[in-house]
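For the sequence shown, the positions run 2 to 102 when my numbering is used. Written below as structure tokens is the structure these notes are about.
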Amino acid sequence: MTTKTLLVAQAVQHYRKGDYQQALKSYQQAAAKYGQHLFKANLQLCEQKLNGKTLQPAASSTAQTNSSNSQALAQQLEQTQQLLEHYYTRTQELEYQLQDR
Numbered sequence: 002m003t004t005k006t007l008l009v010a011q012a013v014q015h016y017r018k019g020d021y022q023q024a025l026k027s028y029q030q031a032a033a034k035y036g037q038h039l040f041k042a043n044l045q046l047c048e049q050k051l052n053g054k055t056l057q058p059a060a061s062s063t064a065q066t067n068s069s070n071s072q073a074l075a076q077q078l079e080q081t082q083q084l085l086e087h088y089y090t091r092t093q094e095l096e097y098q099l100q101d102r
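Structure follows, in structure tokens:
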């Protein structure tokens with residue numbers, strides 16, 4: 002397993018366990034090594050979980066628009082995390098197949 006895979010694997014495992022502080026640290030290390038743009042969404046998800054941010058009911062139409070945007074962003078970030086986990090798992094499966102040859 003490569004260092005890159007190991008960092009991401011650790012981050013994913015910590016995130017799944019609910020250890021968002023450790024997940025954040027692992028994602029920060031991966032981002033520093035391989036590019037901030039690759040892990041921006043994951044970092045935001047961890048920070049959101051750590052800050053305990055929940056969406057509040059909106060009081061005006063502008064606030065409702067912002068709330069809708071926040072909800073859409075939160076959903077997109079969650080989907081990004083799920084895709085990362087899926088691709089990580091798939092990569093591991095392919096590595097095992099190559100080793101079996």
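Using N, Cα and C, we set each Cβ at its ideal position, and we do this for glycine too.
Note down the Cα distance separating A60 from L51, rounded to an integer number of angstroms.
Counting from one through the sequence shown, the residue named residue 60 turns up at place 59. Counting from one through the sequence shown, the residue named residue 51 turns up at place 50. Reliability of the predicted coordinates at A60 is poor, the pLDDT of 49 falling under 50, and no value is obtained from them.
Out of curiosity, what's the CA-to-CA distance linking D20 and Q98?
The residue you call residue 20 lines up with position 19 of the sequence shown. The residue you call residue 98 lines up with position 97 of the sequence shown. Roughly 31 Å separates the two Cα atoms.
Measuring CA to CA, which of A32, Q37, A24 is closest to L46?
Within the sequence shown, numbered from 1, the residue matching residue 46 stands at position 45. Checking every option, the nearest Cα to that of L46 belongs to A24.
Quick check on this structure: which residue in S69, L7, E79 has the alpha carbon closest to the alpha carbon of E48?
The count along the sequence shown starts at 1 and reaches residue 48 at position 47. Cα-wise, what sits closest to E48 is E79.
Among the candidates Y88, T92, N43, E86, whose CA atom is the shortest distance from the CA of L74?
Translated into positions along the sequence shown, residue 74 becomes position 73. Comparing Cα positions, the closest option is N43.
For A31, which option in V13, K18, R17 has the closest C-alpha, if you only look at C-alpha atoms?
Within the sequence shown, residue 31 is the residue found at index 30, counting from 1. The option with the nearest alpha carbon to A31 is V13.
By the three-class DSSP mapping on this structure, what secondary structure does L56 have?
As a working note, residue 56 is residue 55 in the sequence shown. Here the model assigns L56 a pLDDT of 40, short of 50, so the residue's position is not dependable and the matter cannot be decided.
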